[in-house]
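Colleague: Before we start, here is the structure in question, set down as structure tokens.
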Amino acid sequence: MAVTLSAPNVTDAEVLSNLLTQTYRRINVTSDDGADDTRQYYETIRIKRAVPLILPRRGQLLES
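Take 217 as the starting number for the sequence shown in the numbering used here and just add one per residue.
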């Protein structure tokens, strides 16, 4: 488990890398909500070689 505290104007994607480096274990899967459904978030998770489980935002089409 990793925890961080940030200002209201800081996005989850901006602090994700810091969260993922708080553990020495390999992270296989992340579970997130639709607010995290951004390219920056997916890119950070891809670099860490984890699988994102993010619900798309309401009304959003999935990209391939």
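All C-beta atoms, glycine included, are put in the ideal place defined by N, C-alpha and C. All figures in this text were calculated on a predicted structure; none of them were measured in a lab.
(1) Which partner residues does residue 246 have in the DSSP bridge list?
(2) What is the C-beta distance between residue 257 and residue 218, in whole angstroms, given that I count them as a contact (C-beta under 8 Å)?
(3) Is DSSP giving residue 231 helix, strand or coil here?
(4) Helix, strand or coil, according to DSSP, for residue 262 in the structure here?
(5) Beta-carbon within less than 7 Å of residue 235's beta-carbon, same chain only, minus the 5 sequence neighbours each way: which residues are those?
Modeller: In short:
(1) Mapped onto the sequence shown, residue 246 falls at position 30. Looking at the DSSP assignment, residue 246 forms a beta bridge with 268.
(2) Locating residue 257 in the sequence shown gives position 41, counting from the first residue. Locating residue 218 in the sequence shown gives position 2, counting from the first residue. Not confirmed; about 15 Å, so no contact.
(3) As a first step, residue 231 is located in the sequence shown; it is residue number 15 there, counting from the start. In the structure shown, residue 231 sits in a helix (DSSP, three-state: H, G or I).
(4) Start at 1 with the first residue of the sequence shown, and residue 262 comes out as number 46. Correct three-state label for residue 262: helix.
(5) Start at 1 with the first residue of the sequence shown, and residue 235 comes out as number 19. The answer, listed in chain order, is 218 and 220.
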